[in-house]
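Engineer: Have a look at this one.
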Amino acid sequence: MKTTFAACAILAGTLGLAACAGEGDTPAGTAAEGKIPGITISDARLVLAPVKGNPAAVYFNLSYDGEKGIAIRNAEVEGAGSADVHDVMEYEFKMQMNTANPIPLNKGTEIAFEPGGKHIMVFEPSDALSPGSTAKVTLIVAGGARHEFEAEVREAGEER
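For the sequence shown, the positions run -21 to -1, 1 to 139 when mature numbering (1 follows the signal peptide of the UniProt record, and there is no 0) is used.
Right, dumping it as structure tokens:
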């Protein structure tokens, strides 16, 4: 009787853990392909700073037509020491740039990541990020799903 009970308890625990794992936040294979269904990126560009080694910025237009609400939590840029999603907000009656709160995306959302607003700050850009090349940018949403896109690298002073 104790053996049967123990086996049932182990089976129930295993099934419970499997149920918690779920099927992930995105359809099978999506994360491996580097795309999140419903996200469309346009006009992506990484603008280098006037002084070599200073942070660069990524600007782009994003539209979301997915059925499930998601939230952008972070970003990565290949060839950079680190990257962070930033926004400009008012604090103590002054406009200041800070790390952005999670950015919710629901069906129909359109957001411009632009100078003076939301953008991806790129710290320690490497020499590989040179004008005329492209940078691989990855948006990371809550739950860990990733959306990759290419951004044209521009030098400071070029149209942002």
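The C-beta atom is built at its ideal place from N, Cα and C for all residues, glycine as well.
Predicted, not measured: the structure shown is a model, and the values here were computed from it.
Given that a residue counts as buried once 16 or more other Cβ atoms are within 10 Å of its Cβ, and exposed if not, what is Ala62?
Structural biologist: Residue numbering aside, residue 62 sits at position 83 when the sequence shown is read from its first letter. Buried, since its Cβ has 16 or more Cβ neighbours within 10 Å.
Engineer: With 16 other CB atoms within 10 Å as the buried threshold, where does Tyr70 fall?
Structural biologist: Here residue 70 is taken as the residue at index 91 of the sequence shown, counted from 1. With fewer than 16 other Cβ atoms within 10 Å, it is exposed.
Engineer: Can you tell me the Cβ-Cβ gap for Ala130 and Ala114, rounded? I've got them flagged as a contact below 8 Å.
Structural biologist: The sequence position of residue 130 within the sequence shown is 151, counting from 1. The sequence position of residue 114 within the sequence shown is 135, counting from 1. Indeed they touch by this definition, with Cβ atoms about 5 Å apart.
Engineer: Between the Cα of Arg125 and those of Ala50, Asp66 and Lys97, spot the shortest distance and give me the residue it belongs to.
Structural biologist: Numbered from 1 along the sequence shown, position 146 holds the residue referred to as residue 125. Nearest C-alpha to Arg125: Ala50.
Engineer: Whose C-beta lies closer than 6 Å to the C-beta of Leu27 among residues of the same chain, with five residues either side of it excluded?
Structural biologist: For this step, residue 27 is matched to residue 48 along the sequence shown. Excluding positions up to five away in sequence, the list reads Ala35, Glu134 and Ala135.
Engineer: State the DSSP-derived secondary structure class of Ala7, mapped to helix, strand or coil.
Structural biologist: Looking up residue 7 in the sequence shown gives position 28. Note that Ala7 has pLDDT 38, beneath the 50 cutoff, so the model's placement of it is unreliable and the number below is only indicative. Residue state, collapsed to three classes: coil.
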